[in-house]
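Asker:
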Amino acid sequence: MITLNEWQQQGQFVFIDGQKIFTRQGGDKNAPVLLLIHGFPSASWDWEGMWKKLTEHYYVVTLDMLGFGLSDKPKDARYLISEQADIFETFLQNLGIHDYHILAHDYGDTVAQELLARQVSGSSDNSKRRIDSVCFLNGGLFPETHKPILIQKLLLSPLGPLVSKFINKQKFADNLQQIFGPATPPTPEVIETLWQLLTHNNGLAVMHKLINYIPQRQQYRERWVDAIINSSIPIKLVAGAKDPISGKHMIQRYRELIPNANVAEMSALGHYPQIEDADAVTAEYLSFRSNVN
Numbered sequence: 002m003i004t005l006n007e008w009q010q011q012g013q014f015v016f017i018d019g020q021k022i023f024t025r026q027g028g029d030k031n032a033p034v035l036l037l038i039h040g041f042p043s044a045s046w047d048w049e050g051m052w053k054k055l056t057e058h059y060y061v062v063t064l065d066m067l068g069f070g071l072s073d074k075p076k077d078a079r080y081l082i083s084e085q086a087d088i089f090e091t092f093l094q095n096l097g098i099h100d101y102h103i104l105a106h107d108y109g110d111t112v113a114q115e116l117l118a119r120q121v122s123g124s125s126d127n128s129k130r131r132i133d134s135v136c137f138l139n140g141g142l143f144p145e146t147h148k149p150i151l152i153q154k155l156l157l158s159p160l161g162p163l164v165s166k167f168i169n170k171q172k173f174a175d176n177l178q179q180i181f182g183p184a185t186p187p188t189p190e191v192i193e194t195l196w197q198l199l200t201h202n203n204g205l206a207v208m209h210k211l212i213n214y215i216p217q218r219q220q221y222r223e224r225w226v227d228a229i230i231n232s233s234i235p236i237k238l239v240a241g242a243k244d245p246i247s248g249k250h251m252i253q254r255y256r257e258l259i260p261n262a263n264v265a266e267m268s269a270l271g272h273y274p275q276i277e278d279a280d281a282v283t284a285e286y287l288s289f290r291s292n293v294n
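Take a look at the structure:
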């Protein structure tokens, strides 16, 4: 496992829209570009188990979104999905990236949907950047199938700012245990690292604002779901079926709504498949990409 200290040492900080953002790149710059977009409430470190293999095939780029991980966590930010998408577009522009593929998880799925929606609608500058494929991991692609756990409901309530003050490492660990697969529970090292990322830069103070992505999914459902349905690029879902938030029920909804759905159902895994079995998820992703031009 790549430790958080090693992960940070191998990355760098950049300023995007006045905010300090942690970024990381690896692999051959002449290879196809793969953008990794992490979930809530973690960070780009989620991809550490897949990093080595992915960088053997692609030029891999990622960042910790605003409010997450090692990046700035301003208390006055709105944390809109559209603003996170703007950060990624600026990041890619600064790197001189024109064509890229996306692998996303959870909250990152929604950011990927917004980026894809911009491409489908023609509202982004397609002459500069184009998404060539998208692979989604577990996430609330459809708000009607998203089943938030109790802590998420509490953070969304008027008590959210108060609730975040009472979250401690043990409660955090208990919540992780609920959403990982029964056969693939989080290790103490994973719990410790994700807790460090969550609490870095006083991250607990903005959790009630970050969780606003859930009502945003409802507000923009048509835009973000239609982006998947109406896109002409290859799209795949790789999802852990044991996830109580967006598992088997979400996979079923995906098959119902998405024409010619390309789905890999990971029967033993939960909400964090890329952490629970990085090798299996990497194999599924490489198989997907072997059929993508």
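Take our numbering: the final residue in the sequence shown is number 294, and no numbers are missing along the way. Just so you know, even glycine gets a beta-carbon here, dropped at the ideal spot from N, CA and C.
If you run the structure through DSSP and keep just helix, strand and coil, what is Pro58?
Answerer: According to the sequence as given, residue 58 is His; it is not Pro. In this structure, His58 counts as coil in the three-state DSSP scheme.
Asker: Is Gln120 helix, strand or coil by DSSP?
Answerer: Reduced to three states, the DSSP call for Gln120 is helix.
Asker: Return yes when the Cβ of Ala228 is within less than 8 Å of the Cβ of Ala118, no when it is not.
Answerer: Yes, these two residues count as a Cβ contact at 8 Å.
Asker: Please check the pair Ile246 and Pro149, which I expect to be a contact at CB under 8 Å, by giving their CB distance rounded to whole angstroms.
Answerer: Ile246 to Pro149, Cβ: 7 Å. Contact.
Asker: Enumerate in chain order the residues of its own chain whose CB-to-CB distance from Met251 is below 6 Å, with the five nearest sequence positions on each side excluded.
Answerer: Closer than 6 Å at Cβ, skipping near neighbours: Thr146.
Asker: By how many angstroms is the C-alpha of Arg130 removed from the C-alpha of Ser124?
Answerer: Between Ser124 and Arg130, the C-alpha separation is close to 12 Å.
Asker: With which residues is Leu64 paired in a DSSP beta bridge?
Answerer: Bridge partners of Leu64: Thr24.
Asker: Please report the Cβ distance between Arg25 and Gln11, rounded to the nearest whole angstrom; I am assuming they are in contact, meaning their Cβ atoms lie under 8 Å.
Answerer: That belief holds up - the Cβ atoms of Arg25 and Gln11 are roughly 6 Å apart, short of 8 Å.
Asker: What whole-angstrom Cβ distance do Leu67 and Gln20 have, given they're in contact under 8 Å?
Answerer: That belief holds up - the Cβ atoms of Leu67 and Gln20 are roughly 6 Å apart, short of 8 Å.
Asker: Considering Cα atoms alone, identify which of Phe143, Gly141, Asn261, Met208 is closest to Asn169.
Answerer: Among Phe143, Gly141, Asn261, Met208, the Cα nearest to that of Asn169 is on Met208.
Asker: Is Thr146 close to chain B? Criterion is C-beta to C-beta, closer than 8 Å.
Answerer: Absence of chain B from the displayed structure is noted, only one protein chain being present.
Asker: Leaving out five residues on either side along the sequence, give the residues of the same chain with a beta carbon under 6 Å from the beta carbon of Tyr108.
Answerer: Correct list, in chain order: Gly40, Phe41, Tyr214.
Asker: Under 8 Å, do Val34 and Asp110 count as touching if we go by C-beta distance?
Answerer: Contact: no.
Asker: So, for Tyr221: in the same chain, excluding its five sequence neighbours on each side, which residues have a beta-carbon less than 6 Å away from its beta-carbon?
Answerer: So no residue of the chain qualifies.
Asker: According to the Cβ coordinates, are His58 and Leu270 closer than 8 Å?
Answerer: Contact: no.
Asker: Starting from the C-beta of Leu37, find all residues in its chain whose C-beta is less than 6 Å away, skip the five residues before and the five after it, and write them out in chain order.
Answerer: Trp48, Thr63, Leu104, listed in sequence order.
Asker: Going by beta carbon distance, what residues of the same chain come within less than 8 Å of Gln197, once the five residues before and after it are set aside?
Answerer: Contacts found: Leu5.
Asker: Grouping DSSP H, G and I as helix and E and B as strand, with all else coil, what is Lys129?
Answerer: It is coil, neither helix nor strand.
Asker: Terminal residues of the continuous alpha helix (DSSP H) containing Ala284?
Answerer: It spans 279-291 - the alpha helix (DSSP H) in which Ala284 sits, taken as one unbroken run.
Asker: I'd like the span of the beta strand (DSSP E) that includes Ala105, first residue to last.
Answerer: Here the beta strand (DSSP E) through Ala105 covers 100-105.
Asker: Taking the beta carbon of Ser268 as the centre, do at least 16 other beta carbons fall within 10 Å, making it buried, or is it exposed?
Answerer: Exposed.
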